[in-house]
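Trainee:
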Amino acid sequence: MSNRNYTKYIFVCIITLISYHLYAQNDNPVIKKSAATVKAFVPDSWKIIYSVSGDLNKDLLQDEAIIIENTNPKNFLKNDEMGANVLNINPRKLLVLFKNKDGYQLVAENTKFIPTENSEESRCLEDPLSETKALAIEKGSLRLSFQYFYSCGAWEVTNNDYIFRYQNNQLELIGADSHSYHRASGEKYATSSNFSTFKQGSTSGGNMFGKKDNPKTKWQQLKRRKLITLQNITEDVFERFMDQG
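Each position in the sequence shown, counted from 1, maps to that position plus 9 in the numbering used here.
Encoded structure:
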């Protein structure tokens, strides 16, 4: 190989490695710890898809919670099976920003608990954020809302709500509600868990069509344990947290 061709080969290799590194980093960019504006926290090639304002730390300033999504073309996958023709598996991040005199401070971020628009494993699952508010700030607490609706392969529809309160210098999970129903039979089931009191109510026997609608709620005391933070919550962590064994 001539020196000229060798130099060209090395140059191509370097560019390829740089490009690969940029794409690899693009799905999990480093978020600024502080900035003057909300938009300044959004990395290049990402976009805000949900946002909400409200006072989370009781300082009378309007804090911000946003969900951002990557727009990497490599994360749009052709789907030849049931479900959407193209699957958008671009990662999403939840950022919680506290307002201060200089702008905003990043208080918490989470990627692993925020569902993507589509799923390679469950291709008939609709976007879990599209039919809910996704984000809300109510009575000083942050609420995340997901809906699991399948266009094919399943009749169950489930809505999950998670409530976080800023306490102990972090956002802690203080409550979780789950409501589900069967689209054919109308049967309903719900659980409501309060992690301030560690009590859980389970309701069954209801029917959304009014057929034999006789809901009954049973309460139980949950095992007390250290609360999950927004920073660390994942689906697996939450399931282990709820395991009463």
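Note that the Cβ used here is the ideal one computed from N, Cα and C, for glycine as well. For clarity, every value in this text was computed on a predicted model and none was experimentally measured.
Rounded to whole angstroms, what is the Cα-Cα separation between Ser-131 and Leu-138?
Mentor: As a position in the sequence shown, residue 131 is number 122, starting the count at 1. As a position in the sequence shown, residue 138 is number 129, starting the count at 1. In a straight line, the C-alpha of Ser-131 is about 15 Å away from that of Leu-138.
Trainee: Just verifying my parser: in three-state terms, what is the DSSP assignment at Lys-87?
Mentor: Along the sequence shown, one-based indexing puts residue 87 at 78. Three-state result, Lys-87: strand.
Trainee: In or out: Asp-72 buried (at least 16 other Cβ within 10 Å) or exposed?
Mentor: Looking up residue 72 in the sequence shown gives position 63. Buried.
Trainee: According to DSSP, which residues form a beta bridge with Val-51?
Mentor: The sequence position of residue 51 within the sequence shown is 42, counting from 1. Its beta-bridge partners do not exist; DSSP assigns none.
Trainee: With burial defined as no fewer than 16 other Cβ atoms inside 10 Å of the residue's Cβ, what is the status of Gln-156: buried or exposed?
Mentor: Counted from its first residue, the sequence shown places residue 156 at position 147. When all chains shown are included, Gln-156 counts as buried.
Trainee: Can you tell which of Ser-154, Leu-180, Thr-120 has its C-alpha closest to the C-alpha of Asp-186?
Mentor: Working through the sequence shown from its first residue, we reach residue 186 at position 177. For the residues Ser-154, Leu-180, Thr-120, the minimum Cα distance to Asp-186 belongs to Ser-154.
Trainee: Roughly how many angstroms separate the alpha carbons of Leu-231 and Lys-42, rounded to a whole number?
Mentor: Walking along the sequence shown from the start, residue 231 turns up at place 222. Walking along the sequence shown from the start, residue 42 turns up at place 33. Whole-angstrom Cα-Cα distance: 36 Å.
Trainee: Taking a contact to mean a Cβ-Cβ separation below 8 Å, would you say Lys-48 touches Thr-243 in this structure?
Mentor: Within the sequence shown, residue 48 is the residue found at index 39, counting from 1. Within the sequence shown, residue 243 is the residue found at index 234, counting from 1. Contact flag unset, no.
Trainee: Exposed or buried, Thr-125, counting other C-beta atoms within 10 Å across all chains shown (16 or more means buried)?
Mentor: Working through the sequence shown from its first residue, we reach residue 125 at position 116. Per the 10 Å Cβ criterion, buried.
Trainee: Mapping DSSP to helix, strand and coil, what is Ser-28?
Mentor: Locating residue 28 in the sequence shown gives position 19, where the first residue counts as 1. Confidence at Ser-28 is low in this model, with a pLDDT of 45, below 50, so its placement is unreliable and no value can be given for it.
Trainee: If you draw a straight line from the C-alpha of Leu-182 to the C-alpha of Ser-60, how long is it?
Mentor: Numbered from 1 along the sequence shown, position 173 holds the residue referred to as residue 182. Numbered from 1 along the sequence shown, position 51 holds the residue referred to as residue 60. Approximately 20 Å between the Cα atoms of the pair.
Trainee: Taking only the alpha-carbon atoms, compute the straight-line gap between Thr-212 and Ala-163 and give it to the nearest angstrom.
Mentor: Within the sequence shown, the letter at position 203 stands for residue 212. Within the sequence shown, the letter at position 154 stands for residue 163. Using only the alpha carbons, I get a separation of about 22 Å.
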